[in-house]
Amino acid sequence: GPTPRALLQQLAPTPPPTPTPAEPSEQPQAPANGLVLATRRDCWVEWLVAGKPLLRQLLPAGQQLTLEVPETGGELLLGDAGAVSLRFRDLELSPPGRDGQVLRLAVPWTTQGEAKKP
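Going by the UniProt record's numbering, the letters in the sequence shown line up with residues 1 to 118, in that order.
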């Protein structure tokens, strides 16, 4: 009979071809510097760039929001750090803090040590 590997190959869907990354200037609608924020519970969110709040709102549970992070970075204020998950490029914080914790977070955050300049 067929080996399990052959069966697995039949069952496994063929992966879609990897899209070639476009230049950032060509695709402003899909920012490479997008901070993706997803809420598990209602959470107050403030997004500050250069000290100016660009966003101040209560995000209801189950929402997903993409914020564009400028080269200079930004600052996120979360009313409930346990209620959200954050993803920026290949960095993920889910959740970034404890339930009910008010958290100020510099974006991009670093997983270890200093921020690496490209």
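A virtual CB, placed ideally from N, CA and C, is assigned to each residue, including glycine.
Taking the C-alpha atoms as reference points, what is the distance between residue i and residue j?
| i | j | result |
| --- | --- | --- |
| V36 | Q101 | 20 Å |
| L105 | L54 | 15 Å |
| G79 | T66 | 18 Å |
| W44 | V84 | 10 Å |
| A61 | L103 | 18 Å |
| residue 137 | Q63 | In this structure the chain extends from 1 to 118, so residue 137 is not present and cannot be described. |
| R89 | T110 | 12 Å |
| L91 | V107 | 11 Å |
Short of 6 Å in beta carbon distance, which residues of its chain neighbour residue i, apart from the five on each side in sequence? Order them along the chain.
| i | result |
| --- | --- |
| L93 | L86 |
| D99 | G82 |
| E46 | P53, R56 and L77 |
Which term fits residue i, buried or exposed, when burial requires 16 or more other beta carbons within 10 angstroms of its beta carbon?
| i | result |
| --- | --- |
| A32 | exposed |
| G74 | buried |
| T39 | buried |
| P96 | buried |
| L58 | exposed |
Apart from the five residues on each side of it in sequence, which residues of its chain come closer than 8 Å, Cβ to Cβ, to residue i?
| i | result |
| --- | --- |
| T72 | V49 and A50 |
| E68 | P31, N33, G34 and L35 |
Which full runs of the beta strand (DSSP E) of 3+ residues lie inside the segment 28-104, going along the chain? 34-39, 43-49, 52-59, 64-68, 74-78, 84-88 and 91-93
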